[in-house]
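Undergrad:
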Ligand SMILES: [Zn+2]
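Numbering (my numbering), first residue to last: 25 to 117.
What follows is the structure, given as structure tokens:
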């Protein structure tokens with residue numbers, strides 16, 4: 025999937041920059057944005073190169089189809105991550 029990263033700043037989230045995911049949860053490391061038609065909120069996934077499980081908490085206008093957006097605590101980290109093609113698997117545990 026195409027994987028990008030974002031943070032809670034106004035550059036990434038515009039007027040929605042309140043530090044909360046669309047699910048209502050406070051933003052945390054491990055939360056990701058996805059297309060809820062493909063990966064509904066609450067879906068757990070593993071992402072190539074990362075340890076642990078991520079959970080779909082957020083979505084966005086540009087997050088469509090085979091696309092994930094990983095929440096990161098700082099804008100610099102999100103910017104450095106850029107845009108990568110990574111293997112993503114649903115974690116059904
Ligand atoms: Zn940002």
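A virtual CB, placed ideally from N, CA and C, is assigned to each residue, including glycine.
1) Does the distance from the C-beta atom of residue 49 to that of residue 70 stay below 8 Å?
2) Around the C-beta of residue 57, are 16 or more other C-beta atoms found within 10 angstroms, so that it is buried, or is it exposed?
3) For residue 90, is the classification buried or exposed, using 16 other Cβ atoms within 10 angstroms of its Cβ as the cut-off for buried?
4) Would you please state the rounded distance, in angstroms, between the beta carbons of residue 33 and residue 96? I believe it to be under 8 Å.
5) Rounded to whole angstroms, what's the CA-CA distance from residue 112 to residue 63? Just pull it up for me.
6) Please classify residue 100: is it buried, with 16 or more other beta-carbons within 10 angstroms of its beta-carbon, or exposed?
7) Could you give the distance in angstroms between the alpha-carbon of residue 51 and the alpha-carbon of residue 43?
TA: Quick answer:
1) no
2) buried
3) exposed
4) In fact, because the Cβ distance is near 10 Å, the residues do not count as touching under 8 Å.
5) 11 Å
6) exposed
7) 5 Å
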